[in-house]
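Colleague:
Protein chains: 2
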Amino acid sequence: MLENVKQFAEKNRALLEEYLRLESVSAQGRQMIETAEMVARIIEDKGGQAEILHLADTEAPPIVYGEFLAGPGGNAEKTLLFYNHYDVQPEDPIDEWETDPFVPTERDGKVYCRGVSDNKANFIARINAIEYWSEQAGGLPCNVKFLLEGEEEIGSPHINAYLAQYTDKFAADACIWESGGKDAAERMELSCGVKGIAYFDLAVRTAATDIHSSNAAVIDNAAWRLTQALASMRNADNEILIDGFYDLMIEPTDLEYNVLAKMPFDRQALRDTYGVKGPFITDNLPYSEKEALIFYPTLTISGLLSGYGGSGAKTVLPAQAKAKLDVRLVPGYSPEAVEQLLCQHLDKHGFKDVELTRLAGVMPFRTDLSSSFIEVVTRAAQKTYGEESVVVMPNSAGTGPMYSFGQYLNVPIVGSGTEYYNSAPHAPNEHIRLTDYYQGIEHMIHLLADFGQ
Amino acid sequence: MLENVKQFAEKNRALLEEYLRLESVSAQGRQMIETAEMVARIIEDKGGQAEILHLADTEAPPIVYGEFLAGPGGNAEKTLLFYNHYDVQPEDPIDEWETDPFVPTERDGKVYCRGVSDNKANFIARINAIEYWSEQAGGLPCNVKFLLEGEEEIGSPHINAYLAQYTDKFAADACIWESGGKDAAERMELSCGVKGIAYFDLAVRTAATDIHSSNAAVIDNAAWRLTQALASMRNADNEILIDGFYDLMIEPTDLEYNVLAKMPFDRQALRDTYGVKGPFITDNLPYSEKEALIFYPTLTISGLLSGYGGSGAKTVLPAQAKAKLDVRLVPGYSPEAVEQLLCQHLDKHGFKDVELTRLAGVMPFRTDLSSSFIEVVTRAAQKTYGEESVVVMPNSAGTGPMYSFGQYLNVPIVGSGTEYYNSAPHAPNEHIRLTDYYQGIEHMIHLLADFGQ
Numbered sequence: 385m386l387e388n389v390k391q392f393a394e395k396n397r398a399l400l401e402e403y404l405r406l407e408s409v410s411a412q413g414r415q416m417i418e419t420a421e422m423v424a425r426i427i428e429d430k431g432g433q434a435e436i437l438h439l440a441d442t443e444a445p446p447i448v449y450g451e452f453l454a455g456p457g458g459n460a461e462k463t464l465l466f467y468n469h470y471d472v473q474p475e476d477p478i479d480e481w482e483t484d485p486f487v488p489t490e491r492d493g494k495v496y497c498r499g500v501s502d503n504k505a506n507f508i509a510r511i512n513a514i515e516y517w518s519e520q521a522g523g524l525p526c527n528v529k530f531l532l533e534g535e536e537e538i539g540s541p542h543i544n545a546y547l548a549q550y551t552d553k554f555a556a557d558a559c560i561w562e563s564g565g566k567d568a569a570e571r572m573e574l575s576c577g578v579k580g581i582a583y584f585d586l587a588v589r590t591a592a593t594d595i596h597s598s599n600a601a602v603i604d605n606a607a608w609r610l611t612q613a614l615a616s617m618r619n620a621d622n623e624i625l626i627d628g629f630y631d632l633m634i635e636p637t638d639l640e641y642n643v644l645a646k647m648p649f650d651r652q653a654l655r656d657t658y659g660v661k662g663p664f665i666t667d668n669l670p671y672s673e674k675e676a677l678i679f680y681p682t683l684t685i686s687g688l689l690s691g692y693g694g695s696g697a698k699t700v701l702p703a704q705a706k707a708k709l710d711v712r713l714v715p716g717y718s719p720e721a722v723e724q725l726l727c728q729h730l731d732k733h734g735f736k737d738v739e740l741t742r743l744a745g746v747m748p749f750r751t752d753l754s755s756s757f758i759e760v761v762t763r764a765a766q767k768t769y770g771e772e773s774v775v776v777m778p779n780s781a782g783t784g785p786m787y788s789f790g791q792y793l794n795v796p797i798v799g800s801g802t803e804y805y806n807s808a809p810h811a812p813n814e815h816i817r818l819t820d821y822y823q824g825i826e827h828m829i830h831l832l833a834d835f836g837q
Numbered sequence: 385m386l387e388n389v390k391q392f393a394e395k396n397r398a399l400l401e402e403y404l405r406l407e408s409v410s411a412q413g414r415q416m417i418e419t420a421e422m423v424a425r426i427i428e429d430k431g432g433q434a435e436i437l438h439l440a441d442t443e444a445p446p447i448v449y450g451e452f453l454a455g456p457g458g459n460a461e462k463t464l465l466f467y468n469h470y471d472v473q474p475e476d477p478i479d480e481w482e483t484d485p486f487v488p489t490e491r492d493g494k495v496y497c498r499g500v501s502d503n504k505a506n507f508i509a510r511i512n513a514i515e516y517w518s519e520q521a522g523g524l525p526c527n528v529k530f531l532l533e534g535e536e537e538i539g540s541p542h543i544n545a546y547l548a549q550y551t552d553k554f555a556a557d558a559c560i561w562e563s564g565g566k567d568a569a570e571r572m573e574l575s576c577g578v579k580g581i582a583y584f585d586l587a588v589r590t591a592a593t594d595i596h597s598s599n600a601a602v603i604d605n606a607a608w609r610l611t612q613a614l615a616s617m618r619n620a621d622n623e624i625l626i627d628g629f630y631d632l633m634i635e636p637t638d639l640e641y642n643v644l645a646k647m648p649f650d651r652q653a654l655r656d657t658y659g660v661k662g663p664f665i666t667d668n669l670p671y672s673e674k675e676a677l678i679f680y681p682t683l684t685i686s687g688l689l690s691g692y693g694g695s696g697a698k699t700v701l702p703a704q705a706k707a708k709l710d711v712r713l714v715p716g717y718s719p720e721a722v723e724q725l726l727c728q729h730l731d732k733h734g735f736k737d738v739e740l741t742r743l744a745g746v747m748p749f750r751t752d753l754s755s756s757f758i759e760v761v762t763r764a765a766q767k768t769y770g771e772e773s774v775v776v777m778p779n780s781a782g783t784g785p786m787y788s789f790g791q792y793l794n795v796p797i798v799g800s801g802t803e804y805y806n807s808a809p810h811a812p813n814e815h816i817r818l819t820d821y822y823q824g825i826e827h828m829i830h831l832l833a834d835f836g837q
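Protein chains in written order, with my numbering: chain A, 385 to 837; chain B, 385 to 837.
In structure tokens:
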């Protein structure tokens, strides 16, 4: 079957590349409208109906609605929703890319481009699966809907408002999430949830202007203030020191722990994938690496900027310093609760001068692991990847707006996609392997059939 | 007399502006040779002899030697050396300048330009004083030599080598340092020493590539490592926590403490000058602000750079982080000793992965405060600024390569110049007041006479 799928996929290869060329960087608002319009055009070209939906009173990028109806032999009572996003991460550091970040380039059976793994190829893969049923089998086994948003990479700030306004339009029985892929042992990971996120700017200003550093004996500087504020949040064992932070966590259930127990975890493969140099931060913590990845929150400095960053020496007391703080959330946490704890922490430790601004907030979500939809997706995956090569995860370590879908649409949600362990999403030289792409299409072809039964 | 001096100064105003326009940023190697050549041309145009001196086997910017001989009525037995530098600091943050950093601009009796206060106007002021004696009084009261270097703003890495090679050429009886000026109460400060400096790059790499921040539950990142390494060096009271750091200090003598006692210190003026927002870092330390500024070392973060610094959110684990560390030294410290202590500190605290690279090192220096040259400079200053408006300082809080001059030329050294408390050296909108500039010339005119007696 895979050979047949491959021919399909290659027929739509130019379409994939056209989609990849659009620089839909949501953090910088580049080419968002053009990209949404292309998505709608693709859906209509393949026989569906599409609408570009806007929110009143915002500048938010639109979401794209798509609908394909079950064919004559299909089950018109059942609707599967595909969630994707058409936005991508910024491409910097640009000088670490081997080829232009927005020119799709094939090398050694891989396609390199910003956004190819996260998550433009997954949308085109699903389109391929739909076209397969329409062309090869006379019609779709079930109804299919699409929701593609343009703000996933900046924390989906408007997805709640969109789902609240268009709840009925997106009504479905189950949802396949935007992403998924293979781990370092080539097992297909199916994730039933996501971590949430709270993302902050931290900013300090200590003086009206940068000052000659000879004054450092008496005048403090913003770089020191920010360094000390950040350092107060984590100890040498890498425990988070924010009062009450760990208390928010809802203890995972026995079923969730059982699913976790079946999940493999290959420490060395993870280290090799990214060329990790130091020890893992869990080495001195009272829970395992696997527990940390799936069940625990994180606190990450994603950026630091203060004073002079050029070559050579500049003897200056920086008046300003900025940091980006990325906090991943598990069930029990909310962005608002984390913001409050961070504010309290800064106040308590004498850092009232450090301004905290929340840029994004997404709630965590975990599908009820007893849902039958998880079994349907797993069986379809086993037909594609082999029985032993499919892993179910309670949730992934990454983030997406699943909570909103659960809240407004009340659907079970499982992720599947065409990525693999070395796809480098959010990083230079992001790519997918073409064989994974073909298999991802096949998985969706099986799933549409099984789901329609 | 000041009116006469002003006419002189205005006659040479175009020369000052031509000199200021050259972008001699040593940290970035811009227009260094052109600037050295202009300096030599100015000296020769004003009747002196100049040489551009190079070091064998280096790419170091040249130093400029200048010599003017005593006139017929002058004292040919005595030689005064002027030390200046023709390099300037980088101009960033460029968007905080009200006018182009390298276009000298007069507003409200002030001249704005990068390098005008530190220290291009001082060189032109001294040239004015020399020309005054040549034209108005038939000749100089003593011999004058100049040494202008091009690496002061990056820590004078080659001044030792230059002075070792050209010791005899620069032989003199005393030296006037490159800089000096008025404090916030409009008192002229004469400094008899400088702090030294050790300037470092700190760099950490934690992985081969930037990583999606969902991995933060197990994989550490460079921004956190650097933050924790830096924070380990200072406690909440702002004491430096590097083992043995304070032990290096040589306790100041009674005479030095007596001179310090006569120095005024206006806390509020210093705060107002720079718009300082928080408390001074000495608030919880067991010595006064004045002691800190003159007698104590510093540890300053001058720059931080890691991960994403743009607008919006990027969810990344930065693989690299960099900091600039600026340490000011007092007698007893050497750059080498500080480097060793920093290395030991990083090792001891588990930060062997933080790479330390010393970019610059300058020894501290303090003239013997019983030297008669200090009295000569003070008397000349009192004639210009008034008896009550002259302050002698054991050393300034800033840095320069005085130690090298003391070591090779064995001269007493005192600083004097045309800056004032709000000149913003090393910062945007650097400037001098024209009245200070005229007075600075007058001080040098009196000094040449008194020194020649």
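Note that the Cβ used here is the ideal one computed from N, Cα and C, for glycine as well.
Just the C-alpha distance for Met-572 (chain A) and Ala-811 (chain A), rounded to the nearest angstrom, thanks.
Modeller: In a straight line, the C-alpha of Met-572 (chain A) is about 22 Å away from that of Ala-811 (chain A).
Colleague: Assuming Lys-462 (chain B) is part of the beta strand (DSSP E), what are its boundary residues?
Modeller: Looking at the DSSP string, the run of the beta strand (DSSP E) that includes Lys-462 (chain B) is 454-469.
Colleague: Run through DSSP, which three-state label would Leu-740 (chain A) get?
Modeller: In the structure shown, Leu-740 (chain A) sits in a strand (DSSP, three-state: E or B).
Colleague: Taking 6 Å as the limit between beta carbons, can you name the residues of its chain near Gly-450 (chain B), skipping five residues before and five after?
Modeller: Only Ile-427, Gly-432, Ala-434, Phe-530 meet the Cβ criterion.
Colleague: Please go through the same chain and pick out, in chain order, the residues whose beta-carbon is closer than 8 Å to the beta-carbon of Leu-639 (chain A), but skip the five residues on each side of it.
Modeller: Excluding sequence neighbours, Leu-639 (chain A) sits near Leu-753, Ser-754.
Colleague: For the segment 630-657 of chain A, which residues have a CB atom closer than 8 Å to at least one CB atom of chain B, in sequence order?
Modeller: Correct list: Leu-654.
Colleague: How far does the alpha helix (DSSP H) with Met-828 (chain A) in it extend, from its first residue to its last?
Modeller: Unbroken alpha helix (DSSP H) run through Met-828 (chain A): 818-836.
Colleague: Using alpha carbons as the reference points, say which of A:Phe-789, A:Asn-806, A:His-815 lies closest to Leu-464 (chain A).
Modeller: Selected option, being the one with the closest Cα: A:Phe-789.
Colleague: Restricting to Cα atoms, I'd like to know which of A:Val-798, A:Val-761, A:Ser-695, A:Pro-809 is closest to His-830 (chain A).
Modeller: Nearest option by C-alpha distance: A:Val-761.
Colleague: Hey, does Lys-579 (chain B) have any beta-carbon neighbour from chain A nearer than 8 Å?
Modeller: By this cut-off, Lys-579 (chain B) is an interface position.
Colleague: Would you tell me roughly how many angstroms separate the C-alpha atoms of Lys-698 (chain A) and Ser-563 (chain B), rounded to the nearest one?
Modeller: Between Lys-698 (chain A) and Ser-563 (chain B), the C-alpha separation is close to 18 Å.
Colleague: For Leu-632 (chain B), which residues of its own chain have a beta-carbon under 7 Å away from its beta-carbon, when the five flanking residues on both sides are left out?
Modeller: The residues are Gly-716, Tyr-717, Ala-721.
Colleague: Would you say Ile-478 (chain B) lies against chain A (beta-carbon separation less than 8 Å)?
Modeller: Ile-478 (chain B) does not count as touching chain A.
Colleague: Label Ile-895 (chain A) either buried or exposed according to how many other C-beta atoms from any shown protein chain fall within 10 Å of its C-beta, with 16 as the threshold for buried.
Modeller: Nothing can be reported for residue 895 (chain A), as the shown portion of chain A is limited to 385 through 837.
Colleague: Please compile the residues from chain A whose C-beta is within a distance smaller than 8 Å of the C-beta of Val-776 (chain B).
Modeller: Here the premise fails: no neighbours, minimum Cβ distance about 18 Å.
Colleague: If contacts are defined as beta-carbon pairs under 8 Å, then Cys-576 (chain A) and Pro-778 (chain A) qualify, I think. What distance do you get, rounded to the angstrom?
Modeller: Their Cβ separation, rounded to whole angstroms, is 6 Å, which keeps Cys-576 (chain A) and Pro-778 (chain A) in contact under 8 Å.
Colleague: For Lys-767 (chain A), which residues from the same chain have a beta carbon less than 7 Å from its beta carbon, with the 5 sequence-adjacent residues on both sides left out?
Modeller: The residues are His-830.
Colleague: If Gly-799 (chain B) and Ser-773 (chain B) are in contact, beta carbons under 8 Å, what's the gap, nearest whole angstrom?
Modeller: That belief does not hold up - the Cβ atoms of Gly-799 (chain B) and Ser-773 (chain B) are roughly 16 Å apart, past 8 Å.
Colleague: My understanding is that Ala-707 (chain B) touches Leu-586 (chain B), with C-beta atoms under 8 Å, so please give their C-beta distance in whole angstroms.
Modeller: Indeed, because the Cβ distance is near 4 Å, the residues count as touching under 8 Å.
Colleague: What residues of chain A sit near Lys-706 (chain B), judged by a beta carbon separation below 8 Å?
Modeller: Here the neighbours are Gly-693.
Colleague: So if I threshold CB-CB distances at 8 Å, which residues from the segment 660-674 of chain B count as touching chain A?
Modeller: So the list reads Val-660, Lys-661, Gly-662, Pro-663, Phe-664, Ile-665, Thr-666, Glu-673, given in the order they occur along the chain.
Colleague: At 4 residues or longer, and completely inside the segment 567-632 of chain B: list those alpha helix (DSSP H) runs for me, N to C.
Modeller: 606-615, all fully within the segment 567-632 of chain B.
Colleague: Do you know how far the Cα of Lys-732 (chain A) is from the Cα of Thr-442 (chain A)?
Modeller: Near 36 Å, if we compare the C-alpha coordinates of Lys-732 (chain A) and Thr-442 (chain A).
Colleague: First and last residue of the beta strand (DSSP E) that includes Asn-527 (chain A)?
Modeller: Here the beta strand (DSSP E) through Asn-527 (chain A) covers 524-533.
Colleague: Taking the alpha helix (DSSP H) that Asp-710 (chain A) falls in, what are its first and last residues?
Modeller: Note, Asp-710 (chain A): premise wrong, no alpha helix (DSSP H); beta strand (DSSP E) at 704-713.
Colleague: From the DSSP output, read off the bridge partner residues of Gly-691 (chain B).
Modeller: BP columns for Gly-691 (chain B) point to A:Gly-687.
Colleague: Cutting at 7 Å between CB atoms, please list the residues of its own chain near Glu-401 (chain B), excluding the five before and the five after it.
Modeller: Counting only Cβ-Cβ distances below 7 Å, and skipping sequence neighbours, we find Pro-488.
Colleague: Measuring CB to CB, does Leu-709 (chain A) end up less than 8 Å from Ile-685 (chain A)?
Modeller: Yes. Within cutoff.
Colleague: Can Asp-737 (chain B) and Arg-618 (chain B) be called in contact, C-beta distance under 8 Å?
Modeller: Not in contact: Asp-737 (chain B) and Arg-618 (chain B) (Cβ atoms no closer than 8 Å).
Colleague: In its own chain, which residues sit with a C-beta less than 8 Å from the C-beta of Pro-474 (chain A), not counting the 5 before and 5 after it?
Modeller: Val-409, Ala-411, Gln-412, listed in sequence order.
Colleague: For Ile-511 (chain A), which three-state DSSP category applies?
Modeller: In this structure, Ile-511 (chain A) counts as helix in the three-state DSSP scheme.
Colleague: Out of B:Val-578, B:Val-495, B:Phe-507, B:Phe-392, state which residue places its alpha-carbon closest to the alpha-carbon of Ala-420 (chain B).
Modeller: Selected option, being the one with the closest Cα: B:Phe-507.
Colleague: Between the alpha carbons of Ile-543 (chain A) and Lys-494 (chain A), how many angstroms are there, rounded?
Modeller: Using only the alpha carbons, I get a separation of about 32 Å.
Colleague: For the segment 424-448 of chain A, list every residue whose C-beta sits within 8 Å of some C-beta in chain B, in sequence order.
Modeller: Result list empty, no residue passes.
Colleague: Would you list the one or two residues that DSSP bridges to Met-777 (chain B)?
Modeller: B:Ser-575.
Colleague: If the cut is a Cβ gap below 9 Å, which residues of chain B does Val-746 (chain A) touch?
Modeller: In chain order: nothing, as chain B lies at least about 11 Å away.
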